[in-house]
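If you count the sequence shown from 1, position 49 lands on 49 in UniProt numbering, and the numbers rise without skipping. Cβ atoms here follow ideal geometry from the backbone N, Cα and C, with glycine treated the same way. A short worksheet on the structure shown next.
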Amino acid sequence: MLKINNLHVQLEEEDKQILKGVNLEVEPGKVHAIMGPNGSGKSTLSYVLAGRPGYEVTEGTAHLGDVDLLDIEPEERAAAGLFLAFQYPVEIPGVGNMTFLRTAVNAQRKARGEVEMSAAEFLKVIREKAKTLKIDADMLKRPVNVGFSGGEKKRNEILQMAMLEPKMCILDETDSGLDVDAMKLVSEGVNALRDEGRGFLVITHYQRLLDHIKPDVVHIMADGRIIKTGGPELALEVENNGYADILSEVV
Ligand code: ADP
Ligand code: MG
Ligand code: MG
Numbered sequence: 001m002l003k004i005n006n007l008h009v010q011l012e013e014e015d016k017q018i019l020k021g022v023n024l025e026v027e028p029g030k031v032h033a034i035m036g037p038n039g040s041g042k043s044t045l046s047y048v049l050a051g052r053p054g055y056e057v058t059e060g061t062a063h064l065g066d067v068d069l070l071d072i073e074p075e076e077r078a079a080a081g082l083f084l085a086f087q088y089p090v091e092i093p094g095v096g097n098m099t100f101l102r103t104a105v106n107a108q109r110k111a112r113g114e115v116e117m118s119a120a121e122f123l124k125v126i127r128e129k130a131k132t133l134k135i136d137a138d139m140l141k142r143p144v145n146v147g148f149s150g151g152e153k154k155r156n157e158i159l160q161m162a163m164l165e166p167k168m169c170i171l172d173e174t175d176s177g178l179d180v181d182a183m184k185l186v187s188e189g190v191n192a193l194r195d196e197g198r199g200f201l202v203i204t205h206y207q208r209l210l211d212h213i214k215p216d217v218v219h220i221m222a223d224g225r226i227i228k229t230g231g232p233e234l235a236l237e238v239e240n241n242g243y244a245d246i247l248s249e250v251v
């Protein structure tokens, strides 16, 4: 599914190396979590996979199945089945949420050589999915994320994810700023999408999200590298002892 090999990334603007050889393989059907101290490069990894400008890959590779992600445009990566939910979802004034989603879904279908969803079919599907995420009809009509609360933005991202049916979902600190109820809704939304053909990479600062989205594999990232990999117990270790013990093991 997602295979990252020896990825080195630096900032384009200044000569600062952020990722220093990341290796990671997420198998279909699996949920991998990445935890790690602030500034360790977790968001940079998701930005680089999404194709956000400002970063330069100096070494290494990233593939989604057979697709060389680093070789194609951001929108082609999405069409190839990569979806990223960011810590700060963007607002799109003037574009209705539903219109945006329908355009995105059909653009992706077109890129995959599939037939477009009819208006009626789209409406049926989006209403169903919105209901489970407790997103009301009003939120579907409003401009994308404009004036949405933090929790509403995150739920809306999960709705986008549910509509696009990606192969590989990356969630970067989707739990930050969420109250307990919103986190539960978001987690349930993610769990509903768990499927043997789909991989997840859940980036989180805190263990609590992983109480709801149970990971198969947990990685600890520090200073631009994955320094430890284990099972769900690794997240509990971090919760109880912080990162200090793990960091000192490695140095
Ligand atoms: P994390 O998500 O693990 O907290 P980030 O990927 O956001 O870490 O950041 C990793 C390091 O790279 C930090 O030291 C951060 O300050 C730096 N960094 C990332 N992007 C930029 C940028 N555009 N300009 C300057 N520094 C950056
Ligand atoms: Mg951070
Ligand atoms: Mg981050």
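No heavy atom of ligand 3 is found nearer than 7 angstroms to the CB of residue 157. In the DSSP annotation of this structure, the continuous segment of the beta strand (DSSP E) that includes residue 85 starts and ends at 82-85. Sequence-distant partners of residue 235 (beyond 5 residues in either direction) whose C-beta falls short of 6 angstroms from its own C-beta, in its chain, are 207, 210, 218.
Here DSSP, grouped into helix, strand and coil, assigns residue 108 to helix.
For residue 189, the number of other beta carbons within 10 angstroms of its own is at least 16, and it is reported as buried.
In this structure, DSSP gives residue 160 a helical state, which the three-state scheme calls helix. The residue among 162, 146, 70 with its C-alpha nearest the C-alpha of residue 126 is 162. For residue 237, the enclosing alpha helix (DSSP H) starts and ends at 233-241.
Taken through DSSP and simplified to helix, strand or coil, residue 175 comes out as coil.
If only complete runs of 3 or more residues are kept, the region 40-80 shows the beta strand (DSSP E) at 55-64, in order along the chain. Contact between the region 41-60 and the region 5-14 is present: 3 or more CB-CB pairs across the two stretches fall below 8 angstroms. Spanning the alpha carbons of residue 177 and residue 40 requires a straight line of approximately 20 angstroms.
Burial check for residue 199: the Cβ neighbour count within 10 Å reaches 16 or more, so the residue is buried.
Counting the other Cβ atoms within 10 Å of the Cβ of residue 197 gives fewer than 16, which makes it exposed. Inter-residue distance for residue 99 and residue 247 is about 47 angstroms (C-alpha atoms, whole angstroms). Chain order is used for the residues whose beta-carbon lies nearer than 5 angstroms to a heavy atom of ligand 1, namely 18, 38, 39, 40, 41, 42, 43, 44. Within the DSSP secondary-structure output, residue 116 pairs in no beta bridge. Note that the C-beta distance between residue 201 and residue 26 is below 8 angstroms.
Comparing alpha carbon positions, the residue from 194, 21, 75, 133 closest to residue 61 is 21. With a threshold of 16 other beta carbon atoms within 10 Å, residue 103 falls short and is exposed. Secondary structure within the region 173-212: the beta strand (DSSP E) runs of 3 or more consecutive residues, fully enclosed, are 199-203 (chain order). Here residue 129 is buried: its Cβ has 16 or more other Cβ atoms, across all protein chains shown, within 10 Å. Distance from the C-beta of residue 75 to the nearest heavy atom of ligand 3 is not below 7 angstroms.
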